[in-house]
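Reviewing the structure listed below.
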Amino acid sequence: MSEKVKPGIWFWVFWIGLVVLAYGLVTFSTAIASPEAAKTAGTAGVYGSLAVFIIGIIMTVIGYFKKK
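Under our numbering, think of the first position of the sequence shown as 64, with each following residue one higher.
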């Protein structure tokens, strides 16, 4: 008799962290690569996207090690 195991909270932290990481990477790299995008986003936008990227890294790492 097999039981289905529901994914725990760390499973979701890991996958949501990967999505946040990807979003932060795309927005930060766009702001850095394009001078127009950096000017439009401003300092807060560039550092905000960097913060999102770092939060994504932290969530992914924590979720990965906690789910093991």
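For glycine and all other residues, C-beta sits at the position ideal for the given N, C-alpha and C.
Residue state for residue 98 is assigned as helix, using DSSP reduced to three classes. In the structure shown, residue 82 falls within a helical segment according to DSSP collapsed to helix, strand and coil. For residue 87, the number of other beta carbons within 10 angstroms of its own is at least 16, and it is reported as buried. Distance between residue 103 and residue 123, taken at the CA atoms: about 29 Å. Here residue 112 is buried. Its C-beta has 16 or more other C-beta atoms within 10 Å.
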